[in-house]
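**Student:** Under the working numbering, the residues of the sequence shown are numbered 43 to 374, in order.
Built from N, CA and C at the ideal position, the CB exists for glycine as well.
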Amino acid sequence: MMLSKKLKMAALGMAAVMSFGLIAGCGSQSQSGTDKKYSVGVVQLVEHDALDAANKGFVDALKERGFEEGKNLTIDNQNAQADQSNLQNIGQRFVTNKVDLIYAIATPAAQTVANLTKDIPIVGSAITDYVGAKLVKSNEAPGGNVTGTSDMNPIKEQVDLLMKLCPNAKTIGCVYTSSEVNSEIQFKAMKEYAESKGLKVEAATISTVNDIQQAVQSLTGKVDAFYVPTDNVIASAMPTMAAVAMEAKKPIICGESNMVKAGGLATYGVDYYQLGRQSGMMAADILEGKSKPATMEIQFSKNLKAVINKGVADKLGITIPADVLKDAETIN
Numbered sequence: 043m044m045l046s047k048k049l050k051m052a053a054l055g056m057a058a059v060m061s062f063g064l065i066a067g068c069g070s071q072s073q074s075g076t077d078k079k080y081s082v083g084v085v086q087l088v089e090h091d092a093l094d095a096a097n098k099g100f101v102d103a104l105k106e107r108g109f110e111e112g113k114n115l116t117i118d119n120q121n122a123q124a125d126q127s128n129l130q131n132i133g134q135r136f137v138t139n140k141v142d143l144i145y146a147i148a149t150p151a152a153q154t155v156a157n158l159t160k161d162i163p164i165v166g167s168a169i170t171d172y173v174g175a176k177l178v179k180s181n182e183a184p185g186g187n188v189t190g191t192s193d194m195n196p197i198k199e200q201v202d203l204l205m206k207l208c209p210n211a212k213t214i215g216c217v218y219t220s221s222e223v224n225s226e227i228q229f230k231a232m233k234e235y236a237e238s239k240g241l242k243v244e245a246a247t248i249s250t251v252n253d254i255q256q257a258v259q260s261l262t263g264k265v266d267a268f269y270v271p272t273d274n275v276i277a278s279a280m281p282t283m284a285a286v287a288m289e290a291k292k293p294i295i296c297g298e299s300n301m302v303k304a305g306g307l308a309t310y311g312v313d314y315y316q317l318g319r320q321s322g323m324m325a326a327d328i329l330e331g332k333s334k335p336a337t338m339e340i341q342f343s344k345n346l347k348a349v350i351n352k353g354v355a356d357k358l359g360i361t362i363p364a365d366v367l368k369d370a371e372t373i374n
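Written out as structure tokens, the structure reads:
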């Protein structure tokens with residue numbers, strides 16, 4: 043009787059210890075899983091509508107995936123104001139703070155942080171050509187710590203749109219920033235395609251926003267219409283270019299919709315908010331441990347749309363064909 047009672051007490055004690063161990067194990071798993079805190083550094087080259095939209099889309103996508111600022115996520119959001127030394131300082135700050143992931147908006151931002159760290163995952167957006175910018179080995183297999191989404195424009199479709207809206211145009215003017223790799227790539231692709239269609243192309247390059255007015259004025263007497271790529275310097279001061287072009291009665295076909303809203307005539311291009319969302323979903327996969335940048339393909343925009351500024355068209359006396367208006371977003 044006494045021995046049996048002791049055995050029962052021992053068994054009960056062992057069961058209690060095992061139960062406590064299971065509970066403790068569950069608690070530990072929760073802390074390393076759902077309760078984990080994450081830090082993300084966001085570096086944006088400059089403030090303008092397209093890059094702002096890519097930033098917002100990224101944050102919204104992370105929240106949708108369960109990474110919410112103030113709960114389990116800290117976002118260090120920094121804007122470099124188009125200054126290279128600012129980019130360098132921001133990138134170094136992220137590396138020193140050992141953030142879990144860096145979101146780099148625009149090519150120069152991604153190039154700077156990629157040169158500062160080979161360990162922290164970097165997801166980019168608003169980058170035209172990752173290979174040309176030497177950020178990845180290939181779009182299909184990046185091979186390092188950088189991946190992201192490309193804002194490469196449907197340039198052929200944009201030139202076709204220009205020819206539809208301005209059928210009498212013989213010469214296209216293009217203003218772009220000489221130091222922006224993405225702009226150079228777009229200009230070359232546009233020039234090649236436009237010339238294959240019998241159009242002549244004239245170009246003027248700029249270094250800062252202060253050069254825009256003079257560059258546009260230098261071309262207004264030579265061209266019938268302008269084409270502007272997704273150039274960050276011009277996008278940050280698009281109303282300046284639009285005002286000079288409007289005074290000369292020259293329409294502008296733009297690389298993206300926010301430039302149209304700022305005074306351009308039309309575009310068929312990228313929705314930067316949706317592009318940012320794509321980048322956010324990629325970042326969530328990395329934070330969850332589902333993927334690594336080295337094996338994540340560069341993604342391209344899934345949401346291309348035509349945008350027409352009817353107010354600008356009316357001022358220029360341009361009639362928008364019905365087949366163009368049919369599926370386009372219009373701005374008055």
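Report the option in A257, D161, M194 and V141 whose CA atom is closest to the CA atom of G174.
**Tutor:** The residue labelled residue 174 in the question sits at position 132 within the sequence shown. When each option's Cα is compared against that of G174, the closest is M194.
**Student:** Is the separation between the beta-carbon of G215 and that of E244 shorter than 7 Å?
**Tutor:** The sequence position of residue 215 within the sequence shown is 173, counting from 1. The sequence position of residue 244 within the sequence shown is 202, counting from 1. Yes. Within cutoff.
**Student:** What three-state label does DSSP hand Y80 in the structure shown?
**Tutor:** Within the sequence shown, residue 80 is the residue found at index 38, counting from 1. Y80 falls in the strand class under three-state DSSP.
**Student:** Please report the straight-line C-alpha distance between E237 and V201, rounded to a whole angstrom.
**Tutor:** To locate residue 237, count along the sequence shown from 1; it is residue 195. To locate residue 201, count along the sequence shown from 1; it is residue 159. If I take the Cα positions, the gap works out to 10 Å.
**Student:** Distance, Cα to Cα, D369 vs I294?
**Tutor:** Here residue 369 refers to the residue found at position 327 of the sequence shown. Here residue 294 refers to the residue found at position 252 of the sequence shown. Taking the straight line from one Cα to the other gives about 20 Å.
**Student:** Among L204, A257 and D273, which residue has its Cα nearest to the Cα of E222?
**Tutor:** Within the sequence shown, the letter at position 180 stands for residue 222. Minimum Cα distance to E222 is reached at D273.
**Student:** Could you check if K79 is buried or exposed, using at least 16 other CB atoms within 10 Å of its CB as the buried criterion?
**Tutor:** In the sequence shown, residue 79 corresponds to position 37, counting from 1. Counting Cβ neighbours within 10 Å, K79 comes out exposed, since fewer than 16 surround it.
**Student:** Taking the alpha helix (DSSP H) that T159 belongs to, which residues open and close that run?
**Tutor:** Here residue 159 refers to the residue found at position 117 when the sequence shown is read from its first residue. Taken as a continuous stretch (DSSP letters only), T159 belongs to no alpha helix (DSSP H), as it is neither H nor E.
**Student:** Using DSSP with H/G/I as helix, E/B as strand and the rest coil, what is S192?
**Tutor:** Numbered from its first residue, the sequence shown carries residue 192 at position 150. Note: S192 maps to strand in three-state DSSP.
**Student:** Where do the N-terminal and C-terminal ends of the alpha helix (DSSP H) with F136 fall, by residue?
**Tutor:** Translated into positions along the sequence shown, residue 136 becomes position 94. Where F136 is concerned, the enclosing alpha helix (DSSP H) stretches over Q126 to N139.
**Student:** Give a yes or no on whether the C-beta atoms belonging to A95 and Y235 are separated by under 7 Å.
**Tutor:** Taking the sequence shown and counting its residues from 1, the one referred to as residue 95 is at position 53. Taking the sequence shown and counting its residues from 1, the one referred to as residue 235 is at position 193. No; because the gap between Cβ atoms is not below 7 Å, this pair is not in contact.
**Student:** Please look up how many angstroms separate the CB atoms of V217 and I276, rounded, as I've assumed it's under 8 Å.
**Tutor:** Start at 1 with the first residue of the sequence shown, and residue 217 comes out as number 175. Start at 1 with the first residue of the sequence shown, and residue 276 comes out as number 234. Confirmed, Cβ separation roughly 7 Å.
**Student:** Using a 10 Å radius around the Cβ and a threshold of 16 neighbouring Cβ atoms, would you call E226 buried or exposed?
**Tutor:** The residue given as residue 226 occupies position 184 in the sequence shown. It is buried - the Cβ of E226 has at least 16 other Cβ atoms within 10 Å.
**Student:** Distance check for A231 and L307, CA to CA, integer angstroms please.
**Tutor:** Looking up residue 307 in the sequence shown gives position 265. Looking up residue 231 in the sequence shown gives position 189. Distance between the alpha carbons of L307 and A231 is about 21 Å.
**Student:** Which ranges does the beta strand (DSSP E) cover as unbroken runs of at least 3 residues, wholly within the region 259-324, from first to last along the chain?
**Tutor:** Qualifying beta strand (DSSP E) stretches, in chain order: 267-270, 294-296 and 308-312.
**Student:** DSSP puts F342 in a beta bridge; with which residues?
**Tutor:** The sequence position of residue 342 within the sequence shown is 300, counting from 1. DSSP output for F342 lists S192 as bridge partner(s).
**Student:** Could you check where the beta strand (DSSP E) with D118 kicks off and where it finishes?
**Tutor:** For the purposes of this step, residue 118 is taken as the residue at position 76 of the sequence shown. It spans L115 to N121 - the beta strand (DSSP E) in which D118 sits, taken as one unbroken run.
**Student:** Please state if the CB of A279 and the CB of V251 are separated by a distance shorter than 7 Å.
**Tutor:** For this step, residue 251 is matched to residue 209 along the sequence shown. For this step, residue 279 is matched to residue 237 along the sequence shown. Yes, these two residues count as a Cβ contact at 7 Å.
**Student:** For V82 and G133, I'd like the C-alpha separation in whole angstroms.
**Tutor:** Counting from one through the sequence shown, the residue named residue 82 turns up at place 40. Counting from one through the sequence shown, the residue named residue 133 turns up at place 91. If I take the Cα positions, the gap works out to 12 Å.
**Student:** Looking only at its chain, what residues have a beta carbon closer than 6 Å to the beta carbon of G322, apart from the 5 residues adjacent to it on each side?
**Tutor:** Here residue 322 refers to the residue found at position 280 when the sequence shown is read from its first residue. Result list for G322: F100, A103 and L104, in chain order.
**Student:** Residues bridged to T247 by DSSP?
**Tutor:** By one-based count along the sequence shown, residue 247 stands at place 205. Answer is Y218, bridged to T247.
**Student:** How many angstroms separate the CA atom of C208 from the CA atom of T247?
**Tutor:** Sequence index remark: in the sequence shown, residue 208 carries index 166 (1-based). Sequence index remark: in the sequence shown, residue 247 carries index 205 (1-based). The straight-line gap from Cα to Cα measures roughly 24 Å.
**Student:** Going by CA-CA distance only, name the one from N128, V286, S249 and I197 that's closest to A228.
**Tutor:** Along the sequence shown, one-based indexing puts residue 228 at 186. Note on residue identity: the sequence assigns Gln, not Ala, to residue 228. Per the Cα distances, I197.
**Student:** Is A246 close to chain D? Criterion is C-beta to C-beta, closer than 7 Å.
**Tutor:** Checking the listed chains, one finds no chain D in this structure; it contains a single protein chain.
**Student:** In this structure, how does DSSP classify K198 when only helix, strand and coil are distinguished?
**Tutor:** Taking the sequence shown and counting its residues from 1, the one referred to as residue 198 is at position 156. Looking at K198 - three-state DSSP - the assignment turns out to be helix.
**Student:** Please classify P363 as buried or exposed, where buried requires at least 16 other C-beta atoms within 10 Å of its C-beta.
**Tutor:** One-based indexing of the sequence shown puts residue 363 at position 321. Exposed, since its Cβ has fewer than 16 Cβ neighbours within 10 Å.
**Student:** Short check: CB of A168 to CB of A148, under 7 Å?
**Tutor:** The count along the sequence shown starts at 1 and reaches residue 168 at position 126. The count along the sequence shown starts at 1 and reaches residue 148 at position 106. Yes, Cβ-Cβ distance for A168 and A148 is below 7 Å.
**Student:** Quick test of your reading: M283 and I254, contact by CB under 8 Å. State the CB separation rounded to the nearest angstrom.
**Tutor:** Residue mapping note: residue 283 aligns to position 241 of the sequence shown, counting from 1. Residue mapping note: residue 254 aligns to position 212 of the sequence shown, counting from 1. Rounded, the Cβ-Cβ distance is 5 Å, consistent with contact.
**Student:** Counting Cβ pairs closer than 8 Å, one from the region 174-187 and one from the region 110-124, do we hit at least three?
**Tutor:** With a cut-off of 8 Å, the region 110-124 and the region 174-187 do not count as touching, because too few Cβ pairs lie within range.
**Student:** Spell out the partners DSSP gives G166 in its beta bridges.
**Tutor:** Residue 166 sits at position 124 when you count from the first residue of the sequence shown. Answer is A146 and G190, bridged to G166.
**Student:** Can you list, in chain order, the residues of its chain whose CB lies under 8 Å from that of F342, leaving out five sequence neighbours each side?
**Tutor:** Reading the sequence shown from its first residue, position 300 is the one you call residue 342. Around F342: T191, S192 and M194.
**Student:** How big is the Cα-Cα spacing for V155 and T361?
**Tutor:** Position 113 of the sequence shown, counting from 1, holds the residue named residue 155. Position 319 of the sequence shown, counting from 1, holds the residue named residue 361. The alpha-carbon atoms of V155 and T361 are separated by roughly 46 Å.
**Student:** How many Å lie between K206 and S260 at the Cα?
**Tutor:** Counting from 1 along the sequence shown, the entry for residue 206 is found at position 164. Counting from 1 along the sequence shown, the entry for residue 260 is found at position 218. Roughly 25 Å between the two C-alpha positions.
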